[in-house]
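Each step along the sequence shown adds one to the number in the numbering used here, with nothing skipped, and position 100 is 100.
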Amino acid sequence: MKATYYHDRADVRVGNLPEPQLIQDGDAIVRVTLAGICGADLDFTQNGPEMGVQQGMRLGHEFVGVVEAVGKDVHAVKIGDRVVASAMFADGECHFCKKDLTSACEHGGLFGSPMFVEHGGEDIQGGQSEFVRVPYANTSLFTLPEGLRSAETDAKVLPLADNFSTGYHGALNAKVQPGETVVVFGDGAVGQSAVMAAGLFDPAQIVLVGRHSGRLAFGRRAGATHTLNGKTDDVVEQVKNLTNGYGAMSVIDTVGNQASLKQSLAVAQAGAAISVLGFGHLYEPVDAPYGDALFRNLTVHTGIVNVVAYMKTLLPIVESGRIDPSILFTDTLPLSEAVAGYELMRSRSEGTVKVALRP
Ligand SMILES: [Zn+2]
């Protein structure tokens, strides 16, 4: 079967690889109908050795498809079901899963990444592939509702596997409130998702801060009421101007580096909540004015998404048409052209937000 894999730093390839097989009784095999390229995939391919990525690792953790085979313990999905997978599989039974903290599952991991612990090891494959083995299918796969069960609707559902759900996680943790102002840092797919997800909570103003004029223009389509260019605008002053001098009550930082964290704290008004989703500072200590955060009663919430916990909420919202996450896919390519898809994402070309691959 055709699948993308990591060959060397910044060297992604599409090759013919063995088809996955059922290994454990809770496994399912999914025939992928649409897969996404995520910013994290760029991190894995750019920083492979530092992140523990090995040559030959299959890539991709966002996919929708049709169930082809199930192990004998699988009851939540059946052969022929059209499904979306959580980017992070989870057993659904451990201490953390029972608290809906599925990203911390004791037996879980991220598809197509170095983070897949012992469960099947290299046999857990990436989603940018014709077929994928899904462990713990009862928890990790979701049968799509009736209105979202066609090839035409795959692109609406696919971002729920990771990017859109991550944006929603940010909106929840930043406690977006009706009538208030939310500031989103980062104009990539997660930033655009955070803008869309924030809109579900009816804030008065959604301010998107980015560095690419094309993506900022895209942010208006996603629902931003204002956009600021971090390269040319005084972001803190502009946010203060938009909020009677007080600052925003909610901030979602999808960049997660030193500069964005400092700005996030600076644009927040006393009592505000800041959700840090980006992991730009993964490899360096953070230097932040925590005294200021303390004295102004700021809440800083870090953390990655618990997709399993949100899927039941988000699928009906997408089915209702209230939001359409498919707008994130500015480009769709055949799986055989995945290398070009990675290049589009890497170049951050003005028109590209996110790329989908069709096997
Ligand atoms: Zn678990």
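A virtual CB, placed ideally from N, CA and C, is assigned to each residue, including glycine.
8 Å Cβ cutoff met for residue i and residue j
{"i": "A155", "j": "V74", "result": "no"}
{"i": "A85", "j": "S150", "result": "no"}
{"i": "G214", "j": "E350", "result": "yes"}
{"i": "P405", "j": "Q128", "result": "Residue numbering for the chain in the displayed model covers 1 to 359; residue 405 lies beyond these limits and cannot be assessed."}
{"i": "F131", "j": "M1", "result": "yes"}
{"i": "I274", "j": "A174", "result": "yes"}
{"i": "L228", "j": "V207", "result": "yes"}
{"i": "I23", "j": "R133", "result": "yes"}
{"i": "T102", "j": "N306", "result": "yes"}
{"i": "A161", "j": "V182", "result": "no"}
{"i": "A189", "j": "G39", "result": "yes"}
{"i": "A28", "j": "V77", "result": "yes"}
{"i": "R113", "j": "H169", "result": "Strictly speaking, residue 113 in this sequence is Ser, with Arg absent from that position. Not closer than 8 Å, so no."}
{"i": "S260", "j": "V176", "result": "no"}
{"i": "F201", "j": "A171", "result": "yes"}
{"i": "P145", "j": "L314", "result": "no"}
{"i": "G179", "j": "P203", "result": "yes"}
{"i": "L148", "j": "V32", "result": "no"}
Any non-hydrogen atom of ligand 1 closer than 7 Å to residue i Cβ
{"i": "C38", "result": "no"}
{"i": "F96", "result": "yes"}
{"i": "A217", "result": "no"}
{"i": "G109", "result": "no"}
{"i": "G92", "result": "yes"}
{"i": "E50", "result": "no"}
{"i": "E106", "result": "yes"}
Rounded straight-line distance, which links the Cα of residue j to that of residue i
{"i": "M88", "j": "Q269", "result": "34 Å"}
{"i": "T45", "j": "V14", "result": "13 Å"}
{"i": "R322", "j": "L335", "result": "30 Å"}
{"i": "Y6", "j": "G56", "result": "5 Å"}
{"i": "V64", "j": "V286", "result": "36 Å"}
{"i": "V355", "j": "F218", "result": "15 Å"}
{"i": "G280", "j": "N257", "result": "5 Å"}
{"i": "H226", "j": "P135", "result": "42 Å"}
{"i": "R58", "j": "L158", "result": "19 Å"}
{"i": "V12", "j": "V300", "result": "36 Å"}
{"i": "K240", "j": "K98", "result": "41 Å"}
{"i": "L357", "j": "D331", "result": "9 Å"}
{"i": "R211", "j": "R348", "result": "10 Å"}
{"i": "G278", "j": "V353", "result": "16 Å"}
{"i": "A293", "j": "L333", "result": "45 Å"}
{"i": "I79", "j": "A69", "result": "6 Å"}
{"i": "P18", "j": "Q238", "result": "54 Å"}
{"i": "L298", "j": "K262", "result": "13 Å"}
{"i": "A104", "j": "V276", "result": "17 Å"}
{"i": "L328", "j": "P289", "result": "34 Å"}
{"i": "V308", "j": "A10", "result": "31 Å"}
{"i": "E152", "j": "D100", "result": "31 Å"}
Anticipated Cβ contact below 8 Å, residue i with residue j, distance rounded
{"i": "F185", "j": "D253", "result": "5 Å"}
{"i": "V235", "j": "V209", "result": "5 Å"}
{"i": "V53", "j": "V67", "result": "That pair is no contact at about 28 Å."}
{"i": "Q205", "j": "L242", "result": "6 Å"}
Chain C within 8 Å of residue i, Cβ atoms only
{"i": "R133", "result": "You won't find chain C in this structure, because it holds only one protein chain."}
Secondary structure, alpha helix (DSSP H): runs of 4+ residues fully inside the region 278-312: The qualifying runs are 290-295.
Segments assigned beta strand (DSSP E), at least 3 residues, entirely inside the region 32-74: 62-70
Minimum length 4: unbroken alpha helix (DSSP H) runs contained in the region 76-142: Runs found: 137-140.
Residue ranges of each alpha helix (DSSP H) within the region 189-274, 4 or longer: 189-199, 213-222, 235-242 and 258-267
Length-filtered (3 minimum) beta strand (DSSP E) runs lying within the region 160-189: Correct list: 181-185.
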